[in-house]
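In my numbering, the protein residues as written are 4 to 382. Here the structure is laid out as structure tokens; the discussion comes afterwards.
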Ligand SMILES: Nc1ncnc2c1ncn2[C@@H]1O[C@H](COP(=O)(O)OP(=O)(O)OP(=O)(O)O)[C@@H](O)[C@H]1O
Ligand SMILES: [Mg+2]
């Protein structure tokens with residue numbers, strides 16, 4: 004866990020603080036992305052963590068210990084650091100570059116060799132082919148892979164990454180993002196990752212910290228930031244339609260009709276159909292005595308019934324499928340299509356009805372993205 008407590012930074016000879024009274028916590032085992040416009044203070048924040056840059060005021064704690072009270076060399080050995088130009092030594096081979104620090108630490112060479120091979124495999128490079136090459140003999144993507152391998156070489160708890168993939172073409176970049184996520188799923192490091200790119204942030208982050216002018220504007224999960232941007236600045240920065248390229252963040256509870264007509268199972272059919280008429284709907288959800296969801300009753304079935312004084316439970320149908328509030332759009336569309344249903348009751352884990360998704364509510368939701376785009380264009 005890395006804690007920033009009221010951290011400020013003023014560079015010598017400068018008028019203003021470039022980092023202004025920042026407080027936030029980076030939980031262990033998570034990827035936290037720092038994002039914001041050029042010059043907002045991202046790199047400064049990162050370099051204060053490994054003490055390459057000194058804080059002007061405030062504190063940074065790692066697992067509760069103030070970094071200023073630790074030996075900076077030891078502190079840095081527990082932190083991998085990857086920068087955009089990889090920072091590989093040009094006169095050393097790939098193998099030598101990866102092993103610099105483990106060798107300084109006088110680890111057993113046999114163990115080092117094994118770990119290097121393993122790391123090469125994890126970052127998707129063939130050891131036989133690449134270990135003896137020099138950095139100039141590698142492509143940009145291969146260099147970044149070596150940079151990542153080197154950051155993991157000492158098995159540190161913390162990895163700091165400053166725009167590590169930004170100079171790469173989109174395909175290589177996307178591959179490296181996937182590899183980082185794969186590595187992280189196995190190794191569970193605490194990763195602080197700086198980027199300019201919101202797509203990258205949304206893809207890899209457990210939490211995103213949006214910085215502007217040296218201050219935190221919002222610190223939250225990608226989902227929360229997309230759904231509830233703290234202000235106009237964040238909304239603009241994130242882009243209104245970004246959520247649509249991440250449908251796994253759109254959930255049943257976001258798009259359901261929250262107040263569908265629901266009647267107790269003991270209500271007579273004639274009363275149920277009256278309520279449907281009032282509300283201009285053609286069916287009603289049926290609840291048990293504890294207000295738990297049981298099924299639904301359709302107006303046509305009541306009309307066909309010779310006896311309309313019977314309780315709705317006699318005419319009720321069971322729902323073929325139901326959705327949970329946290330089910331995402333991809334799953335909802337799949338449920339509707341494979342089961343060929345017109346509507347999906349949204350039922351929480353205690354059996355309570357929370358809402359209803361109908362085909363038409365889905366169409367409305369899905370068309371909203373186009374309407375928003377049009378507004379943006381005409382604005
Ligand atoms: N050594 C320095 N001395 C004086 N000012 C500095 C120094 N390093 C950075 N700055 C200034 O501090 C501010 C924050 O810089 P920083 O490098 O942290 O920004 P950044 O968010 O990483 O930007 P970028 O996205 O362009 O990398 C900038 O205005 C920069 O000019
Ligand atoms: Mg920077």
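The C-beta atom is built at its ideal place from N, Cα and C for all residues, glycine as well.
Judged by their CB atoms, residue 85 and residue 39 are not nearer to each other than the 7 Å cut-off.
Runs of the alpha helix (DSSP H) lying entirely within the region 231 to 294, each at least 4 residues long, are 235 to 241, 255 to 258 and 272 to 282 in chain order.
Note on geometry: alpha-carbon atoms of residue 260 and residue 335 lie some 14 Å from one another. Between residue 61 and residue 10, the gap from beta carbon to beta carbon is short of 7 Å. For residue 154, the enclosing alpha helix (DSSP H) covers residues 143 to 155. A contact is defined here as three or more CB-CB pairs under 8 Å, and the region 164 to 182 meets this definition with respect to the region 193 to 201.
In the three-state DSSP reduction, residue 355 falls in the strand class (E or B). In this model, residue 296 and residue 351 are separated by some 9 Å (Cα to Cα). The region 221 to 238 makes no contact with the region 37 to 57; the number of CB pairs closer than 8 Å stays below 3.
Burial check for residue 18: the Cβ neighbour count within 10 Å stays below 16, so the residue is exposed. When C-beta atoms of the region 243 to 261 are compared with those of the region 223 to 233, three or more pairs fall below 8 Å, so the two segments count as touching. 302 is the residue among 46, 290, 302 and 291 whose C-alpha sits nearest the C-alpha of residue 276.
Under the DSSP definition of a beta bridge, residue 212 partners with 37 and 222.
Relative to ligand 1, residue 42 has its C-beta within less than 6 Å of a heavy atom. Per DSSP, residue 71 is not a residue of any alpha helix (DSSP H), being assigned neither H nor E.
Annotation for residue 196: the continuous beta strand (DSSP E) segment containing it runs 193 to 198. For residue 252, the shortest C-beta to heavy atom distance toward ligand 1 is 6 Å or greater.
Rounded to whole angstroms, the Cβ separation of residue 101 and residue 54 is 23 Å, and the two are not in contact under 8 Å. In this model, residue 242 and residue 219 are separated by some 18 Å (Cα to Cα).
Taking each of 123, 171, 130 and 143 in turn and checking the Cα distance to residue 186, the smallest one comes out for 123. DSSP places residue 301 inside the beta strand (DSSP E), whose first and last residues are 296 to 301. In this structure, residue 12 places its C-beta atom within 7 Å of the C-beta atom of residue 47.
According to the DSSP assignment, residue 120 belongs to the alpha helix (DSSP H) that extends over 112 to 125. Distances between the C-beta of residue 46 and the heavy atoms of ligand 2 include at least one below 6 Å.
For residue 85, the distance from the CB to the nearest heavy atom of ligand 1 is not below 6 Å. About 15 Å separates the CB atoms of residue 288 and residue 272; that is not less than 8 Å, and the two are not in contact. Where residue 330 is concerned, there is no enclosing alpha helix (DSSP H), because DSSP gives it neither an H nor an E. When the alpha-carbon of residue 83 is set against those of 29, 202 and 158, the nearest one is in 158. Contact between residue 98 and residue 135 holds, with the beta-carbon distance rounding to 7 Å and staying under 8 Å.
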